[in-house]
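Quick note on numbering: the sequence shown equals residues 11 to 209 in my numbering. For reference, the structure discussed in these notes is given below.
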Amino acid sequence: MPTPDRDWNETYRDPQTAPWDTGRPSAQLRLLLESGVVKPCRALDLGCGTGTNVIFLAQQGFEATGVDLSEVAVQRAVEKARVANANANFVCASVLALPDFGEPFEFVFDRGCFHTLAKDQRSAFVGQVLRVTRPGSAYFLLCGNAKEPLDPGPPTVSEEEIRATFSRDLDIEWIREFRFDTAGLPKAPLGYAALMRRR
Ligand SMILES: C[S@@+](CC[C@H](N)C(=O)[O-])C[C@H]1O[C@@H](n2cnc3c(N)ncnc32)[C@H](O)[C@@H]1O
11 MPTPDRDWNE TYRDPQTAPW DTGRPSAQLR LLLESGVVKP CRALDLGCGT GTNVIFLAQQ
71 GFEATGVDLS EVAVQRAVEK ARVANANANF VCASVLALPD FGEPFEFVFD RGCFHTLAKD
131 QRSAFVGQVL RVTRPGSAYF LLCGNAKEPL DPGPPTVSEE EIRATFSRDL DIEWIREFRF
191 DTAGLPKAPL GYAALMRRR
């Protein structure tokens, strides 16, 4: 189930309730960068949480910005970036009403944000992705996989739903299965990783 009404500040105050917040960069993001398909550029992490992947992107030479609804998560992200001496930017905002970031982003990353949205928020989400990107920009989605819902585990999305949501505006280059890294869940949840490019 999506979790649009969740109190994300409350979630981040209790580490037990944020098992995705491992403090380690996403293995899928690392693999994507190692493949050379995405090179350092202006990057936006949607629903960046406490900023681990934004800091990682900044350390890899990206001009990296993270946005999240939770002030608690964003405050932690700012502090983590300060300690890591990383040149990363953070904004507290909804992915459904993004601020004006100026120049478009060439890379948009999303580990676990899209899948929290309600179905009726999906087209607004795509509209926001289009608003902050340009033709050719990449969008890399990591979301829970409806083939294997887990409790406890992330909300899930089917491959058909990914295609139905994005394929009108983005070319889907590939969709692969993977298992999420987590802190403390009994079983690693199955996910979909989807690399898309804006037409
Ligand atoms: C499962 S967590 C993933 C966090 C981070 N991407 C990570 O990998 O650690 C989902 C994140 O999306 C954020 N979020 C949920 N709905 C949002 C919205 N409408 N706008 C911005 N952020 C949102 C939550 O605050 C939370 O940090």
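Glycine is no exception: its CB is placed at the ideal position from the N, C-alpha and C atoms. For clarity, every value in this text was computed on a predicted model and none was experimentally measured.
{"Asked": "Compute the beta-carbon to beta-carbon distance between Cys51 and Phe117, rounded to the nearest angstrom, for a pair I have assumed lies under 8 Å.", "Found": "5 Å"}
{"Asked": "What distance in whole Å lies between the Cβ atoms of Asp179 and Leu140, which are believed to be in contact at a cut-off of 8 Å?", "Found": "6 Å"}
{"Asked": "Assuming Val82 contacts Ala74 under a Cβ cut-off of 8 Å, what Cβ separation, rounded to an integer in Å, is found between them?", "Found": "About 20 Å separates the two Cβ atoms, so there is no contact after all."}
{"Asked": "Residues in the same chain with beta-carbon distance under 8 Å from Tyr22, minus the five sequence neighbours each way, listed in chain order, please.", "Found": "Ala28, Asp31, Gly59, Thr60, Ser80, Val82, Ala83 and Arg86"}
{"Asked": "Quick one: measure Cβ to Cβ for Arg5 and Gly137, integer angstroms, because I've assumed they're closer than 8 Å.", "Found": "Outside the shown range of the chain, which is 11 to 209, sits residue 5, and nothing can be said about it."}
{"Asked": "According to DSSP, is Ala6 part of a helix, a strand, or is it coil?", "Found": "The first residue shown for the chain is 11 and the last is 209, placing residue 6 beyond what the model contains."}
{"Asked": "So for Glu158, helix, strand or coil by DSSP?", "Found": "coil"}
{"Asked": "Pull up the CB-CB distance for Lys157 and Leu200, whole angstroms please, since I reckon it's below 8 Å.", "Found": "6 Å"}
{"Asked": "Tell me whether Val64 counts as near ligand 1, meaning its Cβ is closer than 7 Å to at least one heavy atom of that ligand.", "Found": "no"}
{"Asked": "Indicate, with yes or no, if ligand 1 has a heavy atom lying under 7 Å from the CB of Leu106.", "Found": "yes"}
{"Asked": "Suppose you measure from the CA of Asp191 to the CA of Ser36; what does that come to, to the nearest Å?", "Found": "7 Å"}
{"Asked": "Please name the residue or residues paired with Glu187 in a DSSP beta bridge.", "Found": "Tyr202"}
{"Asked": "Near Asp70, what residues of its chain come up, given a Cβ to Cβ distance below 7 Å and the 5 sequence neighbours on each side ignored?", "Found": "Note that residue 70 is Gln in the sequence shown here, rather than Asp. Cβ neighbours of Gln70 beyond the five flanking positions: Leu43 and Pro50."}
{"Asked": "For the putative contact between Phe66 and Leu39, defined by C-beta atoms under 8 Å, what is the C-beta separation to the nearest angstrom?", "Found": "7 Å"}
{"Asked": "State the CB to CB distance for the pair Asp78 and Gly57, rounded to an integer number of angstroms; the pair is presumed to be in contact (CB under 8 Å).", "Found": "6 Å"}
{"Asked": "Quick check: is any heavy atom of ligand 1 less than 7 Å from the C-beta of Cys51?", "Found": "no"}
{"Asked": "Would the C-beta of Val88 count as close to ligand 1, meaning under 7 Å from any of its heavy atoms?", "Found": "no"}
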